[in-house]
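If you read the sequence shown in this note's numbering, its first letter stands for residue 0, the second for the next number, and so on.
One structure is given here, and the rest of the page talks about it.
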Amino acid sequence: NTMTTIAVFGLNGFLGKPIIEALLREPFISKIKTPIRLLTSSDKKPIESSKVQYYNVKEVGYDKPLDGVDVVVNLGSVPGDPKDDAFLKSIISHKVELYIPSQFGTDLDATSETLPNFLQSKTTHSKAARDAGIRTVDIITGLFINEDGFLPFAPLYVLGHDVEKTKEATIRGDENTLINPSYFKDIGNTVAALA
Numbered sequence: 000n001t002m003t004t005i006a007v008f009g010l011n012g013f014l015g016k017p018i019i020e021a022l023l024r025e026p027f028i029s030k031i032k033t034p035i036r037l038l039t040s041s042d043k044k045p046i047e048s049s050k051v052q053y054y055n056v057k058e059v060g061y062d063k064p065l066d067g068v069d070v071v072v073n074l075g076s077v078p079g080d081p082k083d084d085a086f087l088k089s090i091i092s093h094k095v096e097l098y099i100p101s102q103f104g105t106d107l108d109a110t111s112e113t114l115p116n117f118l119q120s121k122t123t124h125s126k127a128a129r130d131a132g133i134r135t136v137d138i139i140t141g142l143f144i145n146e147d148g149f150l151p152f153a154p155l156y157v158l159g160h161d162v163e164k165t166k167e168a169t170i171r172g173d174e175n176t177l178i179n180p181s182y183f184k185d186i187g188n189t190v191a192a193l194a
């Protein structure tokens with residue numbers, strides 16, 4: 000029964016804290032070799048714990064923090080061309096056992112019929128990892144929602160209006176269309192269970 004070494008990149012978006020918190024909870028933390036490696040390009044530290052270690056990739060690059068890592072979770076953005084992606088190159092050269100790329104959200108293959116090339120860089124990124132022999136799992140979540148019911152992406156993507164300034168929103172399409180949001184805590188638990 001070996002412990003899993005995990006690295007998480009992109010800590011300061013909506014999913015960083017919920018995913019790290021899930022990894023630090025049972026039943027997951029007892030199966031993880033600590034410290035969990037947290038890779039960031041900022042000085043923000045969303046979690047303070049003796050069970051995590053921060054690496055600023057602007058200072059140390061990707062190779063040192065990924066040395067000996069089994070699972071990489073990417074919550075950051077991906078460049079348009081995988082050939083220009085130093086992070087992906089490091090994941091491939093370190094032969095990580097499982098890669099969870101920044102795919103959270105809509106099913107991009109299904110979306111491509113309606114919105115051709117929508118977030119194509121994410122699809123291309125995942126394919127490049129798979130083509131290099133890295134076991135890669137794309138997690139499809141739907142819209143993110145907080146436990147309090149707040150949909151942080153709704154004003155940006157669904158409503159198409161700046162709700163913060165005007166306190167008004169224009170709903171596009173049928174206002175009775177049901178959505179199936181994913182709670183942050185459930186996304187965190189899903190990632191932790193996979194890892």
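Ideal placement from N, C-alpha and C gives every residue a C-beta, glycine not left out.
All values derive from a computational prediction rather than experimental measurement.
Original post:
Where does leucine 158 sit, in a helix, a strand or coil, going by DSSP?
Top reply: In the sequence shown, the residue the question calls residue 158 occupies position 159. Summary for leucine 158: the model assigns pLDDT 45, below 50, so the residue's position carries little reliability; its value from the coordinates is reported in the next sentence. Three-state DSSP puts leucine 158 in coil, outside helix and strand.
Original post:
When burial is assigned at 16 or more other CB atoms within 10 Å of the CB, is arginine 36 buried or exposed?
Top reply: Your numbering for residue 36 matches position 37 in the sequence shown. It counts as buried.
Original post:
How is the alpha helix (DSSP H) around isoleucine 91 delimited, first residue to last?
Top reply: Taking the sequence shown and counting its residues from 1, one reaches residue 91 at position 92. Taken as a continuous stretch (DSSP letters only), the alpha helix (DSSP H) holding isoleucine 91 covers 85-92.
Original post:
So, helix, strand or coil for phenylalanine 8, using DSSP?
Top reply: As a position in the sequence shown, residue 8 is number 9, starting the count at 1. Strand.
Subject >> Rounded C-alpha distance that separates lysine 88 from alanine 128 >> reply: Along the sequence shown, one-based indexing puts residue 88 at 89. Along the sequence shown, one-based indexing puts residue 128 at 129. Taking the straight line joining both Cα atoms gives about 9 Å.
Subject >> Whether glutamate 96 touches aspartate 62 by CB criterion (9 Å) >> reply: Counting from 1 along the sequence shown, the entry for residue 96 is found at position 97. Counting from 1 along the sequence shown, the entry for residue 62 is found at position 63. Cβ atoms of glutamate 96 and aspartate 62: not closer than 9 Å.
**OP:** In the DSSP assignment, find the alpha helix (DSSP H) that holds glutamine 52 and state where it starts and stops.
**Re:** Your numbering for residue 52 matches position 53 in the sequence shown. Looking at the DSSP string, glutamine 52 is not in any alpha helix (DSSP H); the run it does join, the beta strand (DSSP E), is 51-55.
**OP:** Go through the stretch 29-74 residue by residue and report every complete run of the beta strand (DSSP E) that reaches 3 residues or more, in order.
**Re:** 31-39, 51-55 and 70-73
Original post:
Distance, Cα to Cα, phenylalanine 86 vs phenylalanine 27?
Top reply: Mapped onto the sequence shown, residue 86 falls at position 87. Mapped onto the sequence shown, residue 27 falls at position 28. Approximately 25 Å between the Cα atoms of the pair.
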